[in-house]
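See below for the structure under consideration.
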Amino acid sequence: MKSLHFRTAGESHGKALTALLEGIPAGLDLDVSRDVDPELARRQGGYGRGRRMQIEKDQVELLSGVRLGETLGSPISMLIWNRDWENWTTAMAHEAPSEETNPKALKPHYLPRPGHADLVGALKYDRRDVRDILERASARETAARVACGAVAKRFLVELGITIGSHVRSIGSVFTADSELPEDLNAEVDADPVRCLDREASDQMCEAIDAAKERGDTLGGVFEVVARGLPVGLGSYVSWDRRLDARLAAAVMSIQAVKGVDLGIGFEGATRPGSEVHDPIVPVEDRPRSGGIGRASNRAGGLEGGVTTGEPLRVRGAMKPISTLRKRLPSVDLRDGTVGDAAVERSDVCAVPAAGVVGEAMVALVLADAVLEKFGGDSLGEVLRNLEGYIQYLAERGFEER
Ligand code: EPS
959 MKSLHFRTAG ESHGKALTAL LEGIPAGLDL DVSRDVDPEL ARRQGGYGRG RRMQIEKDQV
1019 ELLSGVRLGE TLGSPISMLI WNRDWENWTT AMAHEAPSEE TNPKALKPHY LPRPGHADLV
1079 GALKYDRRDV RDILERASAR ETAARVACGA VAKRFLVELG ITIGSHVRSI GSVFTADSEL
1139 PEDLNAEVDA DPVRCLDREA SDQMCEAIDA AKERGDTLGG VFEVVARGLP VGLGSYVSWD
1199 RRLDARLAAA VMSIQAVKGV DLGIGFEGAT RPGSEVHDPI VPVEDRPRSG GIGRASNRAG
1259 GLEGGVTTGE PLRVRGAMKP ISTLRKRLPS VDLRDGTVGD AAVERSDVCA VPAAGVVGEA
1319 MVALVLADAV LEKFGGDSLG EVLRNLEGYI QYLAERGFEE R
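First residue of the sequence shown? That's 959 in the numbering used here, and the numbers climb one at a time after it.
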C-alpha cells in the first residue's frame, strides 16, 4: 500500500490489540461507536465460533486522528481491550516470572499444532514454548484489521463505494448460484453462517455441529463484493500496480486463507474464451464506466489489473482451523518425543467471520487505490478529483467517423 498504511500490534491474550492507520484524508465524519464497533461485532459472529467470543465484546477506544467528530489527516490510532486478559495476567505478563510462580500458570505449549504457525515460528524465532508464537499468529489479530477496514469503508461510502460479503461454501456444502442483492450484508448478516441460500445455511450449521462432535474443524469459501467503483483504479503498467495482485495478496494474508480468486477465477481456466470474456455493450446511467458496460461480469470487475466499473468479486478459500480436539501427531519441542498436538480453546469454523475480515482487507486496498488516483489531503479534495474524472468520462463521448 502506498497512499494508505496500516499496522496492527497485540497478542491474542495480551492486554489489548492496537491499530494504526495513516493516509485517511481530513474532514471525514467518523464516529467509532457508529462506524467501527458494529463491524467488530459482525466479525465476532457466525455459527461455529468458540467460547472466547462470549467473553469478548470488541469495542474501539480511539486514541488519535479524530477531533470533534472529523478526521484530521493525522494517523488514526485505535485500541481494542481484550476482556479475557484478566484471566491471563500471569501467563502473558510482560515481567519475568518470579521463583514462586507455578510453571503451569504460564500456560506453556510444547507440542505444535500441524497447520498452525507453531512449529515454523518456534524454529524461526528460537522459542521452546509455542505460546510465544501462537499468541501473535492467532486470528484474534483480525479484530484490529477490521477496525482499520471499517474506517476505510466509511471513507469509501463517501465516494459511493460499498462493500459486502457472503459465504459460498462450508466444508462440502455449497450455496446455489443466485443474483446478488444490492445490499448484500443487510441480507446475510441475519443468517447464522452469513449465507444467501437458506437451505445451504441449515446444512452448513449441521455440518459444523457434526464436525464439533467429532472434535474436528471446517473451512470454506467467502466472497467479497464491492460496488460503485469507477473504471480505472489500479494499473497494468507494472506488476505491483495491478489491483488484482494487490487484492489477492491482501486476502491471502488473512489467517488460514489458502486460495484467492477473482470473478469465476479458476473455473475460467476450464472454459473456452468465448464463455469467459464479458461482451462490451453500451449502457445508460453508468457514469462511472463512461457509458460502456458488460453483458456479464465473469471477470469480477477487473481487467488488466484495472477496475472495469462492474462489481468487484473476490473469493477467499479458508482451510479448516488447525486447533483440533481430535489431536494430530506432533513432536514435543523439549525432548523430541512423539505426542499429540496441543489443544487451545478455539473455533470449529470461522468462515463467516473471515468474510468480514475479507471486507476489511478489500476496503483497505480499494481506499489505497482510490487515494492513489484521486488523492487529496481533505475529503473535499478527493471528492473534487473523483467528480472531475466522472465528468471527463461523461464528456469524453465518441468522435464522428
Ligand atoms: C479469535 C480467533 C481464534 C480464537 C481466539 C480468538 O484465534 P486462533 O487463530 O488462535 O484460533 O481461538 O480465541 C482464543 C485464542 C481463545 O482463547 O479462545 C478471534 O477471532 O478473536
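Every residue, glycine too, gets a C-beta built ideally from N, C-alpha and C. Please read these numbers as outputs of a predicted model, since none were measured by experiment.
With respect to 6 Å, is the separation between the Cβ of G1259 and the closest non-hydrogen atom of ligand 1 below this value? no
Within 7 Å (strictly less), CB to CB, does L1064 reach chain B? Structure shown: chain B not included; a single protein chain is present.
Expected contact under 8 Å - CB spacing of G1178 and I1128 to nearest Å: 4 Å
Three-state secondary structure (DSSP) at V1306? coil
C-beta atoms of I1121 and A1184 nearer than 7 Å: When the beta-carbon positions are compared, I1121 and A1184 come within less than 7 Å of each other.
Quick check: the stretch 962-976 against the stretch 1124-1141, are at least 3 beta-carbon pairs closer than 8 Å? no
The beta strand (DSSP E) with I1034 in it runs from where to where? I1034 to W1039
Do the CB positions of G1313 and R1200 come within less than 7 Å of each other? no
Could you tell me if the beta carbon of G1008 falls within a distance shorter than 6 Å of some heavy atom in ligand 1? yes
By how many angstroms is the C-alpha of K1065 removed from the C-alpha of H1052? Straight through space, the alpha carbons of K1065 and H1052 are spaced by roughly 14 Å.
Can you tell me the Cα-Cα spacing of H963 and E1028, whole angstroms? 19 Å
Enclosing alpha helix (DSSP H) for D1202 [first to last residue]: L1201 to M1210
Cβ pair G1263, Y1350 closer than 7 Å: no
Quick check on V1195: does DSSP put it in helix, strand or coil? Looking at V1195 - three-state DSSP - the assignment turns out to be coil, as it is neither helix nor strand.
Cβ-based burial, Q1213 [other Cβ within 10 Å; buried from 16]: buried
Tell me H971's beta-bridge partners as DSSP assigns them. According to DSSP, which records beta bridges pairwise, H971 is partnered with nothing at all.
For a quick check, are the C-beta atoms of L1324 and P983 less than 7 Å apart? no
Could you pull the start and end residues of the alpha helix (DSSP H) that V1146 belongs to? Here the alpha helix (DSSP H) through V1146 covers L1142 to V1146.
Whether D1174 touches K1284 by CB criterion (7 Å): Yes, these two residues count as a Cβ contact at 7 Å.
C-alpha gap between D1090 and L1021, whole angstroms: 28 Å
Which whole-angstrom value describes the C-beta separation of S1123 and E1317, a residue pair presumed to lie in contact below a C-beta threshold of 8 Å? 5 Å
So the candidates are A1102, G1079 and V1109; which of them puts its Cα closest to the Cα of A1095? G1079
Mind checking whether S970 and E1164 have CB atoms under 7 Å apart? no
Between the stretch 1268-1283 and the stretch 1218-1233, do at least 3 Cβ pairs fall closer than 8 Å? yes
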